[in-house]
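Position in the sequence shown counted from 1, then plus 173, gives you the numbering used here.
Cβ atoms here follow ideal geometry from the backbone N, Cα and C, with glycine treated the same way.
The structure under discussion appears below in the form of structure tokens.
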Amino acid sequence: LGTNRASKATVAHPMLSRRTLRSAFSSARKALFSTKHALPDLKYDYGALEPTISAQIMELHHSKHHQTYVNNLNAALETYADAEAKGDTAKMIALQGAIKFNGGGHVNHTIFWENLAPTSAGGGGEPSGDLLGAIEAKWGSMDNFMKAFNAKTAAIQGSGWGWLGYSADSGLDIVTMANQDPLTSHTPLLGIDVWEHAYYLDYLNARPKYLESIWKVVNWKDVAARYEAAK
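What follows is the structure in structure tokens.
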């Protein structure tokens, strides 16, 4: 009899564990889709990146454009959670585009703000250490890297982003993404927004001039920290 009780206890335990795991997964999923995303604060004033990026563009870009992505992402996730609760698979599928677009816009811009810094706070110049070594090993020099990055990013048709990303398979790569598609093939290290709202008031249609100028406010300490974390 003692053996039978032990055997029953052994069988019951994994069943309880699976139920617990299912419950935990369900709770985590609900928490994800009920989380309210918020516009991140900048670590610098809107005018701190002038003359490279004007205060007017920074304020519009951060407080209007990025805020819209956040608002729309929250709305899409709320609607998705409601559809999931009702078992409305068609609605859940239909919402994927809005979640990708607005979620990508939120993620991309959050990285972008941290990738920038006023010259008084270390913006501009060149990276150092392992990141500089990896860039020089891949492109020969910082100048070659920036030229390659600018050329590839300037060639984006319509709106999108230019990225310096890291992959365990290929190391550092320059990758472009359309619209607000997030970079998922690599760990994003440095992202440059080439939607017209990011530069048009300052540079009009001269996207290449914007790309040449923005290196003056790149926060290489942030990029290097992302590189070290990704390796």
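Beta-carbon gap between residue i and residue j smaller than 7 Å
{"i": "A290", "j": "N392", "result": "yes"}
{"i": "L362", "j": "L337", "result": "yes"}
{"i": "H210", "j": "H279", "result": "yes"}
{"i": "G296", "j": "V367", "result": "no"}
{"i": "L246", "j": "G277", "result": "no"}
Range of the contiguous alpha helix (DSSP H) that encloses residue i
{"i": "S340", "result": "Segment 333 to 340 is the beta strand (DSSP E) holding S340; no alpha helix (DSSP H) there."}
{"i": "K320", "result": "315 to 327"}
{"i": "P300", "result": "Where P300 is concerned, there is no enclosing alpha helix (DSSP H), given that its DSSP letter is neither H nor E."}
{"i": "L374", "result": "373 to 376"}
{"i": "L215", "result": "Element bounds for L215: n/a, residue is neither H nor E."}
{"i": "H282", "result": "269 to 287"}
{"i": "E369", "result": "Run containing E369: none; DSSP gives neither H nor E here."}
{"i": "T241", "result": "240 to 258"}
{"i": "K382", "result": "380 to 387"}
Sequence-distant residues of the same chain with beta carbon closer than 7 Å to residue i, five excluded per side
{"i": "A294", "result": "Y217"}
{"i": "A228", "result": "Y219, G220"}
Enclosing beta strand (DSSP E) for residue i [first to last residue]
{"i": "L362", "result": "360 to 366"}
Coarse secondary structure for residue i, derived from DSSP in three states
{"i": "I347", "result": "strand"}
{"i": "Y400", "result": "helix"}
{"i": "V391", "result": "strand"}
Residue environment, residue i, which counts as buried when at least 16 other CB atoms sit within 10 Å
{"i": "N378", "result": "exposed"}
{"i": "G298", "result": "exposed"}
{"i": "P427", "result": "An answer regarding residue 427 cannot be provided, because it is not within the stretch 174 to 404 covered by the chain."}
{"i": "D395", "result": "buried"}
{"i": "N288", "result": "buried"}
Spatial neighbours of residue i in its chain, beta-carbon cut-off 6 Å, leaving aside the 5 residues before and after
{"i": "F274", "result": "Q353"}
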